[in-house]
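First up is the structure itself, then whatever we jot down about it.
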Amino acid sequence: MSMDWISAGKVRARITDEGALEVRCTGLTTQTKYYKTLLKEFFRKEFPPLRPGYGDYSVHIMMEYTGDAPWMDLDNLAKALLDSLTGNVFEDDHQVARLLVERRVGEREGIWLKAEAMD
């Protein structure tokens, strides 16, 4: 069931062997709304259509940075990313039953997320 990475610009995504959606965005901006538009367009134009699920979902978001941590509210980042998944992964973000959002020092700056249906 796994698929190869599909890339366009700063975004790449795939479906893992376990059926989870994994997304990576290179670069960081403190304008968290930027990610909502970027990912919505990516899913609309580049990624094969997904059938939104109706059960509970688990979403893990990781913001990686180099140097000093950017001045970014992680809750706003999470909201923008969840909004971009609405209609693509799940029908509505109220289906997210588990949400982990964190930041850490990384080798390159960017956003990583994994969304998967819960059993």
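The sequence shown begins at 1 in UniProt numbering and counts up one residue at a time.
Ideal Cβ placement from N, Cα and C applies to all residues, glycine included.
Task: Identity of the residues DSSP links to Leu99 by a beta bridge - done: For the purposes of this step, residue 99 is taken as the residue at position 99 of the sequence shown. Beta-bridge pairing links Leu99 to Val59.
Task: For Leu21: DSSP bridge partner residues - done: Within the sequence shown, numbered from 1, the residue matching residue 21 stands at position 21. Ile15, Ala115, per the DSSP bridge assignment.
TODO: Note the first and the last residue of the continuous alpha helix (DSSP H) segment covering Ala69.
DONE: Sequence index remark: in the sequence shown, residue 69 carries index 69 (1-based). That residue, Ala69, is in no alpha helix (DSSP H); it is neither H nor E in DSSP.
Open item on the list: If contacts are defined as beta-carbon pairs under 8 Å, then Met62 and Glu22 qualify, I think. What distance do you get, rounded to the angstrom?
Closed with: Numbered from its first residue, the sequence shown carries residue 62 at position 62. Numbered from its first residue, the sequence shown carries residue 22 at position 22. Met62 to Glu22, Cβ: 11 Å. No contact.
- [ ] Might you give, ordered along the chain, the residues of its own chain that have their beta carbon closer than 8 Å to the beta carbon of Met118, omitting 5 neighbours on each side?
- [x] Reading the sequence shown from its first residue, position 118 is the one you call residue 118. Excluding sequence positions up to five before and after Met118, its CB lies within less than 8 Å of the CB of Gly55, Asp56, Tyr57, Ser58, Ala97, Arg98, all in the same chain and listed in chain order.
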